[in-house]
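In this note's numbering, the protein residues as written are 110 to 284.
C-beta: ideal position from N, C-alpha, C; glycine also.
Computed from a prediction, not measured in an experiment: that's the story for all the values here.
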């Protein structure tokens, strides 16, 4: 099983103000890293007899909505869903199943990037979508995420969930 969970956040910059260095860092970790791990896992899973395996991609509400982060993070999580769908379609018939968890907030250090500042307009726009919403009170504990990973690692469950996007968001606004 592979769990593509590495991720870094941007600072809520829109395309017009986003530094190229930040774009490259976020896309490099969140998308290129997931691609390289997926490529290695698929090759390993195919070499097994019988072939098979499960790939779980940890995405974000930013993967389906533009308000949840800045341009780089949003694009990286949209791209991760595209990678998952392509992998599920191409490799599912070979017993290699891929799915994505659409996370709200996870209780990690991903937001530590904000300690050095963030784009005020971008943050205000994100907060305006869900007035009164307090993400700090709605973080999904990592132990809960691990339980989902264990459940979906079952080959029968993974096969019936191939290509699925599973919301694990503790009431984060996703619509």
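For residue i, write down the residues that DSSP places opposite it in a beta bridge.
i, result
"residue 121", "Bridge partners of residue 121: none, in fact."
Rounding to the nearest angstrom, what Cα-Cα distance links residue i and residue j in this structure?
i, j, result
"residue 256", "residue 273", "17 Å"
"residue 184", "residue 156", "32 Å"
"residue 203", "residue 213", "31 Å"
"residue 190", "residue 160", "23 Å"
"residue 200", "residue 174", "27 Å"
Could you please give the first and the last residue of the uninterrupted alpha helix (DSSP H) stretch that includes residue i?
i, result
"residue 133", "129-136"
"residue 163", "Looking at the DSSP string, residue 163 is not in any alpha helix (DSSP H); the run it does join, the beta strand (DSSP E), is 162-167."
"residue 113", "It is not in any alpha helix (DSSP H) - residue 113 instead sits in the beta strand (DSSP E) that spans 111-113."
Grouping DSSP H, G and I as helix and E and B as strand, with all else coil, what is residue i?
i, result
"residue 173", "coil"
"residue 142", "helix"
"residue 209", "strand"
Here's the rule: buried if 16 or more other CB atoms are within 10 angstroms of the residue's CB, otherwise exposed. What is residue i?
i, result
"residue 153", "exposed"
"residue 116", "buried"
"residue 139", "buried"
"residue 64", "Coverage of the chain is limited to positions 110 through 284, which leaves residue 64 absent and any answer about it impossible."
Specify, as a first and last residue, the run of the beta strand (DSSP E) that residue i falls within.
i, result
"residue 276", "274-277"
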